[in-house]
Amino acid sequence: MLNRESAKPWDSSSLPKRARTGRRRAHTTLKILIVVIAVLALLAFAIARGSLYWVHRAMLESLPTLDGEASLPGLSAAVTARRDAHGVPHIDAASLDDLLEAQGYITAQDRLWQMDITRRNAAGELAELFGRNLIDHDRTQRILQMRATADRLAASLGASDLRIYRSYARGVNAYIEQHRDKLPAEFRILRYKPAPWTPSDSILIALSMAQVLDQHFDDKLGRETITRRIGPALAADLYPTGSWRDHPPTAPVPDLTQPQPGIPDVPLDESQSSLRDLLELRRQLAPLAFDPETRCAECAPGSNEWVVSGAHTASGKPILSNDMHLSHGIPNIWYEVDLHVAGLDVTGLDVTGQDDPGLHAPGLHSAGLHVTGVSIPGMPLVVAGHNQHIAWGITALYGDTQDIYVEQINSDGQYLTPGGWRAIAHSHQSIKVRLGRDVPVGLATTAHGPVITPLLPGETRTLALKWTIYDPSIVAVPLLELDSAANWTEFRAALSHWWGPTSNIVYADDQGHIGYQAAGIFPLRPDGLAGVPIPVQDPATSAASQTSPKGEWNGFLPFDALPTSLDPPGGLLATANSRITPDGYPYPLTLGWASPYRNERIWKWLAGKDKLTPADMLVLQTDIYSALNQELGQRFAYAIDHSPAADPQLKEAADLLRNWDGVMSLDSSAASIVAAAKIAFWPLVLQPKLGDSWRAYQWPESSFAEEELIMHAPPAWLPLGYSTWDDLLTAALNKGLQDSAAPSELKSWAYGRSHQVEVSHPLYSMLPTLKSWTGTGPQPQSGDVSTVKQVSRSLGPSQRFTIDWGNPDSATENIVMGESGNPLSPFYRDQWPFWYAGKTFTLPFSEEAVAASTSHTLRLLP
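The sequence shown begins at 1031 in my numbering and counts up one residue at a time.
Encoded structure:
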């Protein structure tokens, strides 16, 4: 036994000499290693600081000139660009050419890299900058022939339209040429310079918006996969088209409390087979990055809009509101601008449309042009906003403008057409890859359109995509016509040339009128709208018929047949991506409307109210009540009450849910519980029938499908192992709590902790030294996809606009972050506090209001 009193401290001298020497060497090596690590850490820190300093300097050097004078060759006279307190440019010019050239120049000051990356994203030219990870994306865009389509459209422009795009491009290119040594920091980090801007680039950006909002072929492929596994009857439950909650703007005011018959789906062809994993295709189509953890079944672009007549407002004049929901990013997709040209010089520009049937701008004759709102960087003019006489807002209509055809192929590789067998057209392109070899891409085209089979791993059929954007009849987007319209007649005349994206557009004017118009070109399908790929049939089988072969288009729906409304008796119009066609409407515009909850809430909130003000409109735009979640919360509580499997935590959940008011607030524990249960519900129901293919289920109206299943409890959907739907719903809630790591005390589970928003720059977010101060970081967020404030982590209102014609200078408009893409600009994130807090500010319009708000003035000289 050790004698503690006699024990001595350990003495290394008692070790053999070799051991002592080895230990000293180990100590010495450790000291050297520590020194080396410290030196390397200091070196890395110095490099990081040096890199940060270099980037900071590049940002500083690329800040635009906001005051004084600048040269802009090509102008016929001086142009003034005044910026207000939020950096919004108010541009005054003597001619339309000068105005558009100045708009291109000023937009490039703030958004040049965004403009370049947007055209690259659309054209499939990102791998050249970001390497191999973007090859799949680029291949997709090449196969869809986005750049080729833009080039074809640009080549077909009439002289007047071409002049508009060229004037804008001239301004962009002047900025590029003048600032080649002081380009935005993103160009310097990636070590490249932008190519000159062209009219084709502007059109390409318009096509990319149509791709974002009107792409349905991936939904059709996923639907085919699921239908093959479970059959048409069960699939119909997952793919509703419209709902009893809908309120089309052209229909009489319904009783929204009573269920109404659903709309039957189009029958599906049993011979159609599975294609691929839908999530993989969605990942390929996503720009720059895709995080599957933040993907949700209804996190799709959408919007809200409404207009109320003067009979219901405090001013006695119409009020119009619009908030368009798109993916968040830095910079924001929209760029606010005010464009003004008085005493318009239209020499050489046919504004009557005589030389170009796509151009009619009668408002330009007498009053010039004065329009303000949001533009898309890279495109001239204003997309949504107001001029001196009219205001308009836009939501996505989700029109089905695409079909997939399963081509018949013979042994020679030819495909079958009504005129016989025909060779597939082939061409080749090459994708440039940063730090890698070029990647060849083979393109194939049939009479229907591009062959998309290479996008679908494991697919052996020849699938061709027909899309309205490929039709040679489409012309330029009629923004000049829209921006200069002075009344309802001119407004509709402009929209009669609107080909896409398919849109719902609400209207209000200074004479007290309100209206709604559906816009876009929609295929006429004699055989109905197909929700899945269409097998091409031998023309001989339909020879007796004088119609087109089965599944083929027969032209486009006439504009006058589209839903429209002017001054409805109720004095209220609203849309929020849900069904806009009334019962009995003869033309199916789409199978995939959005779930009805936002639109239903808007109608109910506005109905019966008078003396409405712009402040009321902001309250509605930021409303976070969910009728869906309140209803489901009560159903989950009932299930727990009637399930023997309920433990104390589940009973606590039931107590929190049963009296919940349905408000998705930051501190709500009930909102956290319902959100977790809804996420857990789908795999529990779908996986037993679909296996891993359950992930292919994505549908704009999936929330309504979920509501119908949960509330009606169909026996065919009850998985094995559950005796009742109460047991299933209890299990879903329990799984949601476990998967979400809910706290043991559920009342402390604040919704905002797990439901967040984060806005980041696509390049700076990749660099650790820049990410923290160039983005917002994760922030708690109220609302969800079923609230009027439709939000997810990376999607939400991209702008908020309201105008009361009682005082146009009180109109408000704000975007998410700010006008500038430069983090050192005061206008980089100055609008974020307003957006995040649900506040807003005015967008000055009159000369007096603009002059009073001017912070900077730049004169552009010829």
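By construction, the Cβ of each residue, glycine as well, lies at the ideal position given by its N, Cα and C atoms.
Taken atom to atom, the span from the alpha-carbon of A1707 to that of K1765 is near 7 Å. In this structure, the alpha-carbon of L1213 lies about 29 Å from that of Q1459. Taking a 10 Å sphere around the C-beta of Y1083, we find fewer than 16 other C-beta atoms and assign the residue as exposed.
Sixteen is the threshold: since fewer than 16 other Cβ atoms of the shown chains lie within 10 Å of the Cβ of W1451, the residue is exposed.
As for any alpha helix (DSSP H) of minimum length 4 sitting wholly inside the region 1211 to 1281, the runs are 1215 to 1220, 1229 to 1244, 1247 to 1268, ordered along the chain. Secondary-structure assignment with DSSP links Q1541 through no beta bridge to anything. For the pair K1462 and D1834, the Cα-to-Cα distance works out to about 51 Å. In the three-state reduction of the DSSP assignment, F1586 falls in the strand class, which pools E and B. Put simply, the backbone Cα of R1141 is about 22 Å away from that of L1243. If the five residues before and after G1154 are omitted, its C-beta is found closer than 6 Å to the C-beta atoms of D1168, Q1171, R1172, all from its own chain and listed in chain order. In the structure shown, I1535 adopts extended strand secondary structure according to DSSP, grouped into three states. Across the set P1749, W1729, R1830, the C-alpha of W1729 shows the shortest separation from the C-alpha of I1256.
Spanning the alpha carbons of F1871 and E1843 requires a straight line of approximately 7 Å.
Going by beta carbons, V1566 and Q1438 fall inside the 8 Å limit. Pairing S1795 with P1579, the inter-Cα distance amounts to about 51 Å. In the DSSP assignment, E1843 falls within the unbroken beta strand (DSSP E) covering 1842 to 1845.
Between A1604 and E1788 a beta carbon distance of about 30 Å is seen, past the 8 Å cut, so the two are scored as non-contacting. Sorting A1494, Y1537, L1650 by C-alpha distance to the C-alpha of K1250 places A1494 at the top. Counting along the chain, I1461 sits inside no alpha helix (DSSP H); it lies in the beta strand (DSSP E) bounded by residues 1455 to 1461. As the crow flies, the alpha-carbon of T1148 is around 40 Å from that of G1601. In chain order, G1104, S1197, R1200, G1201 place their CB closer than 6 Å to the CB of E1131, counting only its own chain and leaving out the 5 sequence neighbours on each side.
Judged by beta-carbon spacing, L1264 lies within the 8 Å limit of A1746, meaning their Cβ atoms are closer than that value. Close CB contacts of S1784 within its chain, under the 7 Å cut and outside five residues either way in sequence, are with S1702, S1770 (chain order).
In terms of Cβ geometry, P1792 and G1359 form a close pair [threshold 8 Å]. For secondary structure counted as the alpha helix (DSSP H) over 4 or more consecutive residues, the region 1781 to 1856 holds these complete runs in sequence order: 1781 to 1784, 1798 to 1804. By the Cβ rule, the region 1821 to 1837 counts as touching the region 1342 to 1357, because three or more pairs are nearer than 8 Å. Considering only M1145, L1093, Y1627, the residue with the shortest C-alpha distance to W1227 is M1145.
Annotation for E1437: no beta strand (DSSP E) segment contains it, and DSSP assigns it neither H nor E.
By the neighbour-count definition (other C-beta atoms within 10 Å, threshold 16), G1161 is an exposed residue. In summary, R1112 is buried, with 16 or more beta-carbon neighbours lying within 10 Å of its beta-carbon over all protein chains present.
Sequence-distant Cβ neighbours of V1118 in its own chain, meaning closer than 8 Å and more than five residues away, are E1366, V1367, D1368, E1849, L1873. A direct Cα-Cα distance of roughly 22 Å separates L1662 from P1718.
By DSSP's assignment, G1332 forms a beta bridge with H1355. By the CB criterion at 8 Å, T1431 and H1416 fall outside the cutoff.
Beta-bridge analysis with DSSP links G1403 to V1367, G1415. Cα atoms of T1483 and S1503: separation of roughly 26 Å, rounded to the nearest angstrom.
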